[in-house]
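Read the structure below first, then the notes.
Printed below as a string of structure tokens:
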């Protein structure tokens, strides 16, 4: 009986995981489609726990290589079951280039375009507002050459 | 009783994990990775975060070439005839990348009739290195055959490559991922250099010159595996290209980024400028060496 319980537990976990993978896959496809008439290049799947009160919000970081004379679009889509709302930021070394959330105005954008003038390594940071927990997908798309 | 229960639950699990419209076999998913795994260096979570994404995309170079108004030519593509001769995971992964870039080029020019050969070749190689479950062959074949929904064809192709790449990383097979990325990059550089040879273009020459930055990153990754003879040989080939790239001068002039909000759209303009200095003689050397290296690799 113990064996049966273990097997059921294992398979339930595996089944849940496969549904999760399917949901994320759908969210990625939806996020790529929402980016508009552009070409999907890459996605960044993020699942973060809530941060500690007063501490820095947990952040996922991705290094990516972008090319000169290309307009890229960076989109963010928060999974429906998330507690927090995801924010995507683009950095060049320590310089913040752009964000889907402008704290000065409190405005959110589903995506922003980046007119790249220098081939090199950049960083995408994804976090959730107020350090809440959540799942999200960031998408990098190719818009056009400059 | 237990056996019956396991069987029923396994069937539920397998069906639950299948995406609609996709025939998926699970038999290859749990097989032990091949011998190349023995040369693998485990990668920590911190290092994983620093692995560069998008180091070479199967479509970016093709998109640039198309936007420059260069007509389609099948002479740039690698033949799919040799797929079954690729005997080990090293060659299979490298060529998986090469065919991935070819597929990107074909998709970019909407050459759907030729796409079938390439998706078949990719599926064969992906199955060989046990990542075939991420390549949605059935859907891609249907889209290509019916010449419909080309955006989906492009999305699924690129997404499949990303999924294969992620899976290889998360299963301590980053060595194969590095080879796949190298194949994609090399074929992209081959397209660009061949087009530059046929129809010289300043913007394309600059883009080729900037590959110096990409190649340096790629070599850093590949050097992790240089103890393996095949990797070492591949690196020797890439060093030949790098030798020429060392003479490419890239100057950066710093500027402040600008944020523009227009019609509800946010655009970030980077005001840094990079100036790429590449002489016609140097470009010719890069063209010739790239051709030599790429042709050697596809004849392995």
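Protein chains in written order, with our numbering: chain A, 166 to 311; chain B, 13 to 312.
All C-beta atoms in this analysis are idealised placements derived from N, C-alpha and C, irrespective of residue type, glycine included.
The model shown is predicted, which means the values in this text are computed figures rather than measured ones.
Residue 85 of chain B by DSSP, collapsed to three states: which one?
coil
Please list the residues of the region 243 to 276 of chain B that have a C-beta atom closer than 7 Å to any C-beta atom in chain A, keeping them in chain order.
So the list reads 264, 269 and 271, given in the order they occur along the chain.
On the criterion of 16 or more Cβ atoms from any shown chain inside 10 Å, does residue 177 of chain B qualify as buried, or is it exposed?
With 16 or more other Cβ atoms within 10 Å, it is buried.
Of all Cβ atoms in chain B, is any one closer than 8 Å to the Cβ of residue 258 of chain A?
no
With the cut-off set at 8 Å, would you say residue 206 of chain A and residue 242 of chain A are in Cβ contact?
In this structure, residue 206 of chain A lies away from residue 242 of chain A, with their beta-carbon atoms at least 8 Å apart.
In terms of alpha-carbon separation, which member of B/250, B/264 and B/265 lies closest to residue 258 of chain B?
B/250
Name the residues in the region 170 to 184 of chain B whose C-beta lies less than 9 Å from a C-beta of chain A; which are they?
170, 171, 174, 175 and 178
Hey, out of B/161, B/109, B/84 and B/310, whose CA is closest to residue 191 of chain B's CA?
Among B/161, B/109, B/84 and B/310, the Cα nearest to that of residue 191 of chain B belongs to B/109.
Residue 220 of chain B versus residue 201 of chain B: straight-line alpha-carbon distance, rounded:
7 Å
My guess is that residue 86 of chain B and residue 133 of chain B are in contact by the Cβ rule of under 8 Å, so how many angstroms apart are they, rounded?
15 Å between Cβ atoms; not a contact.
Here's a check: name, in chain order, each residue in its chain whose Cβ is nearer than 7 Å to the Cβ of residue 204 of chain A, leaving out the five neighbours to either side.
306 and 307
Does the Cβ of residue 282 of chain A have 16 or more other Cβ atoms within 10 Å, making it buried, or fewer, making it exposed?
buried
Residues in the region 264 to 298 of chain A with C-beta within 7 Å of chain B's C-beta atoms, listed in sequence order?
274, 277, 278, 279, 280, 281, 282, 283, 284, 285 and 286
Measuring straight from C-alpha to C-alpha, what distance separates residue 137 of chain B and residue 276 of chain B?
The straight-line gap from Cα to Cα measures roughly 45 Å.
Beta carbon of residue 124 of chain B, beta carbon of residue 161 of chain B: below 8 Å?
no
One question on the structure: do residue 309 of chain A and residue 222 of chain B come within less than 8 Å of each other, judged by their Cβ atoms?
Result no, Cβ atoms of residue 309 of chain A and residue 222 of chain B do not sit closer than 8 Å.
In the DSSP assignment, what residue or residues form a beta bridge with residue 278 of chain A?
A/238 and B/279
From which residue to which residue does the beta strand (DSSP E) around residue 309 of chain A run?
299 to 310
Taking 8 Å as the threshold (C-beta atoms), are residue 225 of chain A and residue 291 of chain A in contact?
yes
If you follow the beta strand (DSSP E) that residue 147 of chain B is in, where does it begin and where does it stop?
Counting along the chain, residue 147 of chain B falls outside any beta strand (DSSP E), and DSSP gives it neither H nor E.
Which residues in chain A have a C-beta closer than 9 Å to the C-beta of residue 167 of chain B? List them in chain order.
194, 197, 198, 204 and 205
Residue range of the alpha helix (DSSP H) that residue 221 of chain B falls in?
214 to 234
Check whether the Cβ atoms of residue 169 of chain B and residue 141 of chain B lie closer than 8 Å to each other.
Against a cut-off of 8 Å, the Cβ pair of residue 141 of chain B and residue 169 of chain B comes out as no contact.
With a threshold of 8 Å between beta carbons, is residue 206 of chain B in contact with chain A?
For residue 206 of chain B, the answer is no, since every Cβ of chain A falls outside 8 Å of its Cβ.
Among the candidates B/163, B/254, B/199 and B/234, whose CA atom is the shortest distance from the CA of residue 201 of chain A?
B/163
In the DSSP assignment, the alpha helix (DSSP H) including residue 104 of chain B goes from what residue to what residue?
101 to 120
Applying the 10 Å Cβ sphere with the 16-neighbour rule, what's the burial state of residue 306 of chain B?
With 16 or more neighbouring CB atoms inside 10 Å of its own CB, residue 306 of chain B falls in the buried class.
Whole-angstrom Cβ separation of residue 204 of chain B and residue 73 of chain B, contact assumed at under 8 Å?
6 Å
Burial state of residue 211 of chain B, where buried means 16 or more other Cβ atoms lie within 10 Å
exposed
Does the beta-carbon of residue 195 of chain A have 16 or more other beta-carbons within 10 angstroms, so that it is buried, or is it exposed?
exposed
In whole angstroms, what separates the C-alpha of residue 115 of chain B from that of residue 70 of chain B?
8 Å
What did DSSP end up calling residue 254 of chain B once you bin it into helix, strand or coil?
helix
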